[in-house]
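Engineer:
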Amino acid sequence: MNDRIKTNLKEDILWLKCSNCKEFIFKRIFEENLKVCPICGFHYRIGAYERIEMTFDDGIRGFKSLFEDIVSKDILGFTTSEPYSLTLEKNREKSGVKEAVIVGTGKVKGYEIAAIIFDFNFMGGSMGFGVGERIIRIFNYASQKKLPVFAFIASGGARMQEGMVSLYQMPRTIIAVEKFKEETRLPYVSIFLNPTTGGVLASFAYLADYIAAEPNALIGFAGPRVIEKTIGRKLPERFQRSEFLLEKGLIDKIVRRNEIRDFVSWWCRS
Amino acid sequence: MNDRIKTNLKEDILWLKCSNCKEFIFKRIFEENLKVCPICGFHYRIGAYERIEMTFDDGIRGFKSLFEDIVSKDILGFTTSEPYSLTLEKNREKSGVKEAVIVGTGKVKGYEIAAIIFDFNFMGGSMGFGVGERIIRIFNYASQKKLPVFAFIASGGARMQEGMVSLYQMPRTIIAVEKFKEETRLPYVSIFLNPTTGGVLASFAYLADYIAAEPNALIGFAGPRVIEKTIGRKLPERFQRSEFLLEKGLIDKIVRRNEIRDFVSWWCRS
Amino acid sequence: MKRFAFDFENELINLESEIDRLKSIKQLSKEDSRKLEELEKIYSEVYRKTYSNLTPWNRVQLARHPYRPTSLFYINRLFKGLQEIKADRRYPDDLSLVCFIGEYKGKKTAIAGIEKGADSRERQKRRFGMPLPEGYYKFIRLLEIAEQLKIPVITFVDTPGAYPGIEAEEKGQALAIARSIQKMLFVKVPTVSFVIGEGGSGGAIALACADRIYVLENAYYSVISPEGCASILFHDEKRAPEAAELLKLTADDLFKLKLIHGIVKEPLGSAYRHPEETLRNIDKTLENALQEISSKDVEQLLKERHQFFINIDRNINNLVK
Amino acid sequence: MKRFAFDFENELINLESEIDRLKSIKQLSKEDSRKLEELEKIYSEVYRKTYSNLTPWNRVQLARHPYRPTSLFYINRLFKGLQEIKADRRYPDDLSLVCFIGEYKGKKTAIAGIEKGADSRERQKRRFGMPLPEGYYKFIRLLEIAEQLKIPVITFVDTPGAYPGIEAEEKGQALAIARSIQKMLFVKVPTVSFVIGEGGSGGAIALACADRIYVLENAYYSVISPEGCASILFHDEKRAPEAAELLKLTADDLFKLKLIHGIVKEPLGSAYRHPEETLRNIDKTLENALQEISSKDVEQLLKERHQFFINIDRNINNLVK
Ligand SMILES: [Zn+2]
Ligand SMILES: [Zn+2]
Chain V
42 MNDRIKTNLK
52 EDILWLKCSN
62 CKEFIFKRIF
72 EENLKVCPIC
82 GFHYRIGAYE
92 RIEMTFDDGI
102 RGFKSLFEDI
112 VSKDILGFTT
122 SEPYSLTLEK
132 NREKSGVKEA
142 VIVGTGKVKG
152 YEIAAIIFDF
162 NFMGGSMGFG
172 VGERIIRIFN
182 YASQKKLPVF
192 AFIASGGARM
202 QEGMVSLYQM
212 PRTIIAVEKF
222 KEETRLPYVS
232 IFLNPTTGGV
242 LASFAYLADY
252 IAAEPNALIG
262 FAGPRVIEKT
272 IGRKLPERFQ
282 RSEFLLEKGL
292 IDKIVRRNEI
302 RDFVSWWCRS
Chain A
42 MNDRIKTNLK
52 EDILWLKCSN
62 CKEFIFKRIF
72 EENLKVCPIC
82 GFHYRIGAYE
92 RIEMTFDDGI
102 RGFKSLFEDI
112 VSKDILGFTT
122 SEPYSLTLEK
132 NREKSGVKEA
142 VIVGTGKVKG
152 YEIAAIIFDF
162 NFMGGSMGFG
172 VGERIIRIFN
182 YASQKKLPVF
192 AFIASGGARM
202 QEGMVSLYQM
212 PRTIIAVEKF
222 KEETRLPYVS
232 IFLNPTTGGV
242 LASFAYLADY
252 IAAEPNALIG
262 FAGPRVIEKT
272 IGRKLPERFQ
282 RSEFLLEKGL
292 IDKIVRRNEI
302 RDFVSWWCRS
Chain C
11 MKRFAFDFEN
21 ELINLESEID
31 RLKSIKQLSK
41 EDSRKLEELE
51 KIYSEVYRKT
61 YSNLTPWNRV
71 QLARHPYRPT
81 SLFYINRLFK
91 GLQEIKADRR
101 YPDDLSLVCF
111 IGEYKGKKTA
121 IAGIEKGADS
131 RERQKRRFGM
141 PLPEGYYKFI
151 RLLEIAEQLK
161 IPVITFVDTP
171 GAYPGIEAEE
181 KGQALAIARS
191 IQKMLFVKVP
201 TVSFVIGEGG
211 SGGAIALACA
221 DRIYVLENAY
231 YSVISPEGCA
241 SILFHDEKRA
251 PEAAELLKLT
261 ADDLFKLKLI
271 HGIVKEPLGS
281 AYRHPEETLR
291 NIDKTLENAL
301 QEISSKDVEQ
311 LLKERHQFFI
321 NIDRNINNLV
331 K
Chain Z
11 MKRFAFDFEN
21 ELINLESEID
31 RLKSIKQLSK
41 EDSRKLEELE
51 KIYSEVYRKT
61 YSNLTPWNRV
71 QLARHPYRPT
81 SLFYINRLFK
91 GLQEIKADRR
101 YPDDLSLVCF
111 IGEYKGKKTA
121 IAGIEKGADS
131 RERQKRRFGM
141 PLPEGYYKFI
151 RLLEIAEQLK
161 IPVITFVDTP
171 GAYPGIEAEE
181 KGQALAIARS
191 IQKMLFVKVP
201 TVSFVIGEGG
211 SGGAIALACA
221 DRIYVLENAY
231 YSVISPEGCA
241 SILFHDEKRA
251 PEAAELLKLT
261 ADDLFKLKLI
271 HGIVKEPLGS
281 AYRHPEETLR
291 NIDKTLENAL
301 QEISSKDVEQ
311 LLKERHQFFI
321 NIDRNINNLV
331 K
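Shown next as structure tokens:
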């Protein structure tokens, strides 16, 4: 299965070729279908704002992005071919978001929620100080405003350019989750998207009350290449995919993209 | 392996034949060795007072049996070839104890402890109201007197002659354990003896902080015959034995009978 | 095809078959027409006779009746918008014990049921309602979610017992049950349990330590199966009916012993003939129970829950002369 | 047999071999005698040169040195009367993570260590110090026991990371680590962690969220292995030394970043040449740490523990211009 598929398709074409089923699909239909192949059901990766647009009642206009000023900085003086601060800038331009996660509030089917939405296009959704801090703030905010929290996860793990500061986002976000759970009786629900691995999965993301995943998402602590290197052989095809996790008892449900608004609003009801 | 071995050996013989290794052993040596075969190490079943005699500093004299007046009664009018009340009487005569469990206090290597000691000779160490109530009382007593609790378990499970009253000893004793844990910071340690099965294992016995077992004890929720009947084949030799449980991660340690005083006193130290 | 029938229902089932046969004939002879009339007259009498004065063993039989509604029948009808809680996140899901969050009368509720399965394929898949340790650990997870969301927990019990198998023992069946009881006794939300069919010893009590415990009129709840008891007492499983009598395992007996909070009535003929009416009775009982306990503060709730179990000695001393 | 040596130690190890060879000759020629004298003179100079000014990569190498003392070396010497806590009671014991109750200066203490194994057979058995989910769940059980007995918890961290394998993923490695961190952050007793060798990312932090976190002078604690980082950044694992520099993974760097509470000094030549002295340094640090935190009440302790992690932003804002 091909994880890295072209979603930033040129404007001037009407037909796309699905990289999963190899069928040609009408571009407009593809967009209307929330970037899910109408033939094979393959869920294509989308950015944070695309997710917001299709999830909230009035799309992006109905969403209030919070703590936008919190972003990662080059704490360690991490410079390779370019300084980390330049990498950050480039990613901002490329992805259109200032950090690998967007946090904020908005309504889904009339219910106000707090949301955590990762953008994999920004440095692979990696968690450094900016991501961790935003997550902490939104949990605190949700606790004050008595809002349920929904986390849409897509992350390659901790961001190495911030060294141990990144790893420390694991305990930091976990403290935030626990305080939220202590102070409210509201649900915290995670939805794992493709892909969700490493330190994000192994911290706040997995401590949700209920966990769903989009179909065929890659979900695991260690990346498949690391595992293959360790065990010295190829991994089975479906290994670490949503359906595999459901079978192994590691998640509760698979939700297709067009079911997510119903799913989210279900948790908001009394 | 033979579970039911003759321990009530005639007084007039000097030599015994070990039912496990089939070797002849000198009776006095066998007794001095705490009824463990000096050749093969087989741990023979012993009564509650034999256990008390070999565990406490001054043996039986050093042990204060408590709540002796609490015993089971025939609540349901359970009469087969004999009334249950007569069964109780007969078992009292046979075993020399008034209930299937003895509870009380005494010193082990100078440390005062509260103890729960089952007697398998009394109706297979089965738990009815008398047993459950004694256990509840000793946990409450230990909590008041700030004593650690050690439970020596040998039980076939709930006592059917008291119907659901017996099954209700499971939640009752669990409440007692949890209250003890809430009110003290003292250890509660279980030592599983041969055999430990059913409702006793599946309630207060397994909720100890630390769990040891004598070698080769049969330990399991379901009895081997029930399992064989369900799965329709013979069970492996070592199945449900202490060593098997240790291997499967279900207990923490195997203690030989001659190590038990050291083991108990270790837990009493600061 | 001959219908399923327990011995005590034989006369009735034969009558039913005969009536059905006659009814299916297009042009009935005069003699047959008369016969049908006659049979229908005696049918209601036999029906009444069959289901009045049921012995404890008859109730055990009805509790195990293959057509008797199972947990999912009630769960699917009593609750709306069910969201399933799958697995304990350490082992694959155990289908013999199902867990949900759903809505009861417009309010979020946690629901667990031991499920036998409605047909033989389902029964296989659900291990005939005999849970593995991971089933109980999943239930514990449900209780933790209920505690977090502060919503009541409703359980439906219908099991011959926890699964007695190699795998179950290797994964710590005894500890799983102990922990399940422990968590249920201390969970900080209101809880209601219904024994709807078989309440088989440790495997059942693991889901039945609630603030309110109800047993259906033709369900049973017992420390040991009548067969297991007979086999120990009489070395003869066939004497299970006698054992059933001795064990005081019917809703009626348990209520007299003050070991349960109430009996849910079944219409004459039992739940398998009247599932919808039985459902309504459960519904009514549940609504009342929740009304009684939902307003209590947590401390009071837990205190009363524990006292119910601890104080059984008072009742017992009153019962034994 | 040639001794194990990392590149930067080569000169020193060669000198040692030559000295040893000469010393083993019974009747030394005049020339050899003179040579030995000379070699011994320069040895101490080379020794000093080799171990002063270690690069971060050198420290990573020393952290992984096959002769470096592992967790059990320290545990066996620092604590008396060790009682092992085996397994999480749901899966067979994971030998890569060991748990004990023991006595430290006469007081009961809970101890956990990720153990690589001292020889190659041990290393195989202990999966080179890479725990499975059940290892972390066993550690959680240890924390629960410590909480019940109200005794402090000491952890020793020495792992390349949590085990990346099929079985580990199937059993929920990520959740195990998340729960381990969560429990460590909220356990109601004083906690002290030592990173004694490798502090490999998620697998390490699962045991290192303590009230006091110490890293040994030649240990490292990193978000990713230098090799992993180099392979991503440079597409070349061999550039790990550069990555080690960038990652700020030494005790010194971490202390400057205020991410740890202190550094445990190792004698010149590192722990593998001076295990007993290193042990004494750990002992002293531990004694002081426990003295500092043992008297605090639980609420204060947890508040400070959380603030240490939450407040890293203050320090960071000070560090970044
Ligand atoms: Zn397609
Ligand atoms: Zn022998």
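Protein chains in written order, with our numbering: chain V, 42 to 311; chain A, 42 to 311; chain C, 11 to 331; chain Z, 11 to 331. Each residue gets a CB set at the ideal place from its N, CA and C atoms; glycine is no exception.
1. I believe Gly290/V touches Arg137/C by the beta-carbon criterion, under 8 angstroms. Please report the beta-carbon distance rounded to the nearest angstrom.
2. Take Glu154/C as the anchor and find which of Asn162/V, Lys222/V and Arg133/V has the nearest alpha-carbon.
3. What would DSSP say about Glu276/Z, mapped onto helix, strand or coil?
4. Can you tell me whether Arg2/C is helix, strand or coil according to DSSP?
5. Can the beta-carbon of Ser211/Z be found closer than 8 angstroms to that of Ile150/Z?
6. Have a look at Arg175/A and Gly204/V and give me their C-alpha separation to the nearest angstrom.
7. Between Gln281/V and chain Z, is the shortest Cβ-Cβ distance under 8 angstroms, so that the two count as touching?
8. So, under 8 angstroms CB-CB, Ile121/Z and Phe89/Z are touching, yes? Tell me the CB distance rounded to an integer number of Å.
9. What three-state label does DSSP hand Cys81/A in the structure shown?
10. Name the chain Z residues whose beta carbon is nearer than 8 angstroms to that of Leu152/C?
11. Cβ atoms of Tyr147/C and Ala216/C: under 8 angstroms apart, would you say?
12. Quick one, which of Lys105/A, Ala263/A and Ala254/A has its alpha-carbon nearest Glu288/A's?
13. What does the shell around ligand 1 hold, if a residue joins when its beta-carbon is under 6 angstroms from any heavy atom?
14. Taking the alpha carbon of Lys198/Z as the point to measure from, which residue in Gln317/Z, Ala156/Z, Ile85/Z and Gly112/Z has its own alpha carbon closest?
15. Report the residue from Leu256/Z, Glu297/Z and Leu278/Z whose alpha carbon sits nearest the alpha carbon of Thr121/V.
16. By the DSSP assignment, the alpha helix (DSSP H) with Glu177/C in it spans what residues?
17. Which value, in whole angstroms, describes the spacing of the CA atoms of Phe319/C and Ile116/A?
18. In the DSSP assignment, find the beta strand (DSSP E) that holds Gly212/Z and state where it starts and stops.
19. In chain order, which alpha helix (DSSP H) runs of at least 4 residues are fully inside the segment 14 to 76 of chain C?
20. Given Leu278/Z, which residues of its chain have a CB within under 6 angstroms of its CB, disregarding the five upstream and five downstream residues?
21. On the CB-based measure, 16 or more other CB atoms within 10 Å of its CB, does Trp307/V come out buried or exposed?
22. State the CB to CB distance for the pair Ile154/A and Ala217/A, rounded to an integer number of angstroms; the pair is presumed to be in contact (CB under 8 angstroms).
23. State the DSSP-derived secondary structure class of Val2/Z, mapped to helix, strand or coil.
24. So if DSSP puts Ile121/Z in a beta bridge, which residue, or which two residues, is it bridged to?
25. Which residues of chain V have a Cβ atom closer than 9 angstroms to the Cβ of Leu259/Z, listed in chain order?
26. Can you tell me whether Gln317/Z is helix, strand or coil according to DSSP?
27. Could you tell me whether the segment 171 to 180 of chain C touches the segment 258 to 268 of chain A, where touching means 3 or more Cβ pairs closer than 8 angstroms?
28. Going along the segment 168 to 187 of chain Z in order, which residues come within less than 8 angstroms of chain C, judged by CB to CB distance?
29. When you compare the CB of Ser81/Z with every CB in chain V, is at least one pair closer than 8 angstroms?
30. If you run the structure through DSSP and keep just helix, strand and coil, what is Lys23/V?
31. Chain V partners of Tyr231/Z, CB-CB under 9 angstroms?
32. What alpha helix (DSSP H) runs, 4 residues minimum, are completely inside the segment 155 to 188 of chain V?
33. Suppose the cutoff is 7 angstroms on Cβ atoms and the five residues either side in sequence are ignored; what does the same chain contact list for Arg69/C look like?
34. Which value, in whole angstroms, describes the spacing of the CA atoms of Asn274/C and Glu113/C?
35. Please report the residue range of the beta strand (DSSP E) in which Phe196/C lies.
36. Going by alpha carbons, who is nearest to Ser196/V out of Phe161/V, Ile295/V and Glu224/V?
Structural biologist: Considering the structure as presented:
1. Actually they are not in contact, since the Cβ atoms of Gly290/V and Arg137/C sit about 16 angstroms apart, beyond 8 angstroms.
2. Lys222/V
3. coil
4. Residue 2/C falls outside the range modelled here, since chain C spans only 11 to 331, and no answer is possible.
5. no
6. 58 angstroms
7. yes
8. 6 angstroms
9. coil
10. Those do not exist, as Leu152/C stays about 17 angstroms from chain Z at its closest Cβ, beyond 8 angstroms.
11. no
12. Ala254/A
13. Cys59/V, Asn61/V, Cys62/V, Glu64/V, Cys78/V, Ile80/V, Cys81/V and Phe83/V
14. Ala156/Z
15. Leu256/Z
16. Ile176 to Glu180
17. 16 angstroms
18. No beta strand (DSSP E) contains Gly212/Z, which is instead part of the alpha helix (DSSP H) from Ser211 to Ile215.
19. 20 to 34, 40 to 61 and 66 to 73
20. Tyr61
21. buried
22. Not a contact, Cβ separation roughly 17 angstroms.
23. The requested residue 2/Z is not part of the displayed model; chain Z covers only 11 to 331.
24. Phe110/Z and Ile164/Z
25. Gly204 and Met205
26. helix
27. yes
28. Lys181, Gly182 and Leu185
29. no
30. Past the edges of chain V, shown from 42 to 311, lies residue 23/V, and the structure says nothing about it.
31. Met205 and Leu208
32. 170 to 186
33. Asn228, Tyr230 and Thr260
34. It should be pointed out that residue 274/C corresponds to Val in this sequence rather than to Asn. Approximately 22 angstroms between the Cα atoms of the pair.
35. No beta strand (DSSP E) holds Phe196/C; the alpha helix (DSSP H) holding it covers Gln183 to Phe196.
36. Phe161/V
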